[in-house]
Amino acid sequence: MQLLRLKWMLPLRYSRKFCTSAHHYSSVTKFQPVVGLEVHMQIDSKSKLFSSAPTTIGGPINGQVATFDAAIPGTLPVVNRRCVEAAIQTALALDCAQINNVSRFDRKHYFYSDMPAGFQITQQFHPIAREGRLRYYPMTSSGTSFIEKSCRILQVQLEQDSGKSIHDADNMLSLIDLNRAGIGLLEIVFAPDLSSGIEALNLVKELIAVVRSIGVCSGRMEEGAVRVDANVSVHEPGTPLGVRTEVKNLNSLRSVSRAIDYEINRQMSCLEKGMKVDNVTLTFDCETMSTVTMRDKEAVQDYRFFPEPNIPLLNLEHAGICVESLRSSLPPLPQVKRKRLMDAYGLEFWQAAVIVREAGFFELFTEAMNCLPIESSKLASHILVTDVLGCINEMSIDSQCDLSPKYFAELVDAVQLKRVSKIKYKEVLRLVIQTKLSPEQVIKDNNWSLITDKELLKAFCDEAIQLFPKEARKARMGKERAFNPLLKHVRLATQNRADMKQVSQIMREKLQQPEVGSREEVHISR
């Protein structure tokens, strides 16, 4: 295993959101957790897996449904070539050793309102690919480095998505939207190689980065494009695996981590008390941060799998799909992009990881750096992964915002050359994103240029010393905290436009000079 060292601790915002330790179990215990994931990812395609219905998000309810999606008798499936190619690209990106030239679709029978046919078409027994591996990078317990781990992939298979049930508790109704029904899904089945929620979180995060980089899936968990099922058990080392529970439909990275850790704790607590762990299917309640039983799995459900009679064997050669051609057309994968950012621009691993993970950031950064000196790379990466990402999250806009590389480079240049303060540039950034104006134009229109005139800054410092005589006296005595009100006054008086490094230097020089009689001294002399 390879350790990736950090020179500095991660920023608190990043560490809280993505790197919370997952190993805080209820007590030191003799039990070992075992976690396996099944990840379902919607394929980015113009039409559904077996019909010509569109897959666009946000359409009218039941407005994107073909007769096949609604299971109208007499309609037949037609396999979407784009979905097959996407599955092969994913298998190649996940280093699958076995990509099957011939695969088969099966019917998985179960009765639920959002599955109108009474069965799902999937690839349970003869999937499109097997035997893959994905490297991922959880943090060490010290929080100062990342460790490289890997998880085996048992199989990659194609299947159709279900519809969506909308439960109206007030009117005692369950409504069905079939717009999602029939959208192509990739199911990626991981081996039970994980042992904590944070490992699962980082594995899913890396998987999303991979499928985004090859254009197979948007990776937007908030839109339902990625859903995770987690199989969790605990056992004593050297003994057979314990009773497994399954937590279904985890739709955020935070839910993945918290649900798994909660379930590990719950099972350990049961065994420590001499209780039995039941084989159940669970859901995760985000309000109580706990798992809730959905149904009992002790009685094995018979899905009555059998080959799909309306779809012939999927033969890649007969379909004219060339695996090697798809392999050669793959774009650079996340690990390659991260290495390039670290080697070419000297970025820390966590910075490179964020830039690669967020859609459009890698292209934005590298194209902007073509217009900037290499010395600006640290500042550019800091602005991108903290301020630009913060603006996008706060403004609830797509991460692929209209911030052009040219404007981003102009903003970095303005901060680097002190044309705008390190506080004010955040407001400049916000207006650039909102108005599509250049940073130079925004700074000019709002009169936000950095004040560097030494005489003007001296006048502001004199004003601060006069308004805060007690703090000035304490500062002269060497009390560092007394400087803060003086500097704050200058910052506010200049509306965050002052060069605060220069202000601090001027203020210290003035406070080293002999003190002019204060108002208090004048009053006493009188």
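For the sequence shown, the numbering used here assigns the number 529 to the last residue and increments by one with no breaks.
Virtual Cβ for every residue (Gly too), placed ideally from N, Cα, C.
| Item | Value |
| --- | --- |
| Could you tell me whether the Cβ atoms of methionine 44 and valine 229 are closer together than 9 Å? | yes |
| Could you compute how far the alpha carbon of valine 105 sits from the alpha carbon of glutamate 311? | 14 Å |
| Can you tell me where the alpha helix (DSSP H) holding glutamine 508 begins and where it ends? | 503 to 514 |
| Do isoleucine 314 and proline 130 have their C-beta atoms within less than 9 Å of each other? | no |
| Tell me the rounded alpha-carbon separation between leucine 97 and aspartate 299. | 34 Å |
| Apart from the five residues on each side of it in sequence, which residues of its chain come closer than 8 Å, Cβ to Cβ, to phenylalanine 128? | Arg107, Asp109 and Phe308 |
| If we ignore side chains and look at the alpha-carbon of each, how far apart do isoleucine 436 and aspartate 264 end up? | 39 Å |
| Within a Cβ cutoff of 7 Å, which residues of the same chain sit near cysteine 289, ignoring the five residues on either side of it in sequence? | Ser258 |
| Do alanine 233 and alanine 194 have their beta-carbon atoms positioned less than 9 Å apart in this structure? | no |
| Taking the alpha-carbon of asparagine 252 as reference, which of Lys276, Leu285, Val235 and Ala362 has the nearest alpha-carbon? | Leu285 |
| In whole angstroms, what is the alpha-carbon distance linking asparagine 450 and valine 295? | 56 Å |
| Spatial neighbours of arginine 511 within its chain, please: CB distance less than 6 Å, with the 5 preceding and 5 following residues excluded, ordered by chain position. | none |
| Since cysteine 154 sits in a beta bridge, which residues does DSSP pair it with? | Leu137 |
| Name the DSSP bridge partner or partners of leucine 285? | Val250 and Thr296 |
| Considering only C-alpha positions, which residue in the set Asp171, His492 and Arg215 is nearest to aspartate 465? | His492 |
| For proline 310, list the residues DSSP reports as bridge partners. | Asp109 |
| Tell me whether phenylalanine 364 is buried or exposed, calling it buried when 16 or more other Cβ atoms sit within 10 Å of its Cβ. | buried |
| Which value, in whole angstroms, describes the spacing of the CA atoms of leucine 189 and glutamate 361? | 21 Å |
| Excluding five sequence neighbours on each side, which residues of the same chain lie with their C-beta closer than 6 Å to the C-beta of lysine 429? | Asp390 |
| Please look up how many angstroms separate the CB atoms of threonine 78 and threonine 70, rounded, as I've assumed it's under 8 Å. | 5 Å |
| Let me know the secondary structure DSSP gives leucine 453 once reduced to three states. | coil |
| Three or more C-beta pairs under 8 Å: does that hold for the segment 325 to 344 against the segment 110 to 127? | no |
| Hey, quick one: how far does the alpha helix (DSSP H) through leucine 210 stretch, first residue to last? | 200 to 216 |
| Have a look at Glu209, Arg422 and Gly218 and flag the residue whose alpha-carbon is nearest the alpha-carbon of cysteine 86. | Gly218 |
| Hey, quick one: how far does the alpha helix (DSSP H) through methionine 345 stretch, first residue to last? | 337 to 348 |
| My output table needs one value for lysine 447: the three-state DSSP class, helix, strand or coil. | helix |
| For the beta strand (DSSP E) containing threonine 389, list its first residue and its last residue. | Careful: threonine 389 lies outside any beta strand (DSSP E) and carries neither H nor E. |
| Spatial neighbours of aspartate 196 within its chain, please: CB distance less than 7 Å, with the 5 preceding and 5 following residues excluded, ordered by chain position. | Cys154 and Arg155 |
| Using 9 Å as the threshold, is the C-beta distance between tyrosine 410 and methionine 372 below it? | no |
| Measuring CB to CB, does asparagine 531 end up less than 9 Å from valine 231? | For the chain, the structure presents residues 4 to 529; residue 531 sits outside this window and is missing. |
| What number of angstroms, rounded off, separates the C-alpha of leucine 137 from the C-alpha of leucine 210? | 8 Å |
| Between which two residues does the alpha helix (DSSP H) holding serine 407 run? | Careful: serine 407 lies outside any alpha helix (DSSP H) and carries neither H nor E. |
| Please tell me whether alanine 322 and arginine 84 are closer than 9 Å, where the distance is taken between their beta carbons. | yes |
| So what's aspartate 164 in DSSP terms, helix, strand or just coil? | coil |
| So for glutamate 226, helix, strand or coil by DSSP? | helix |
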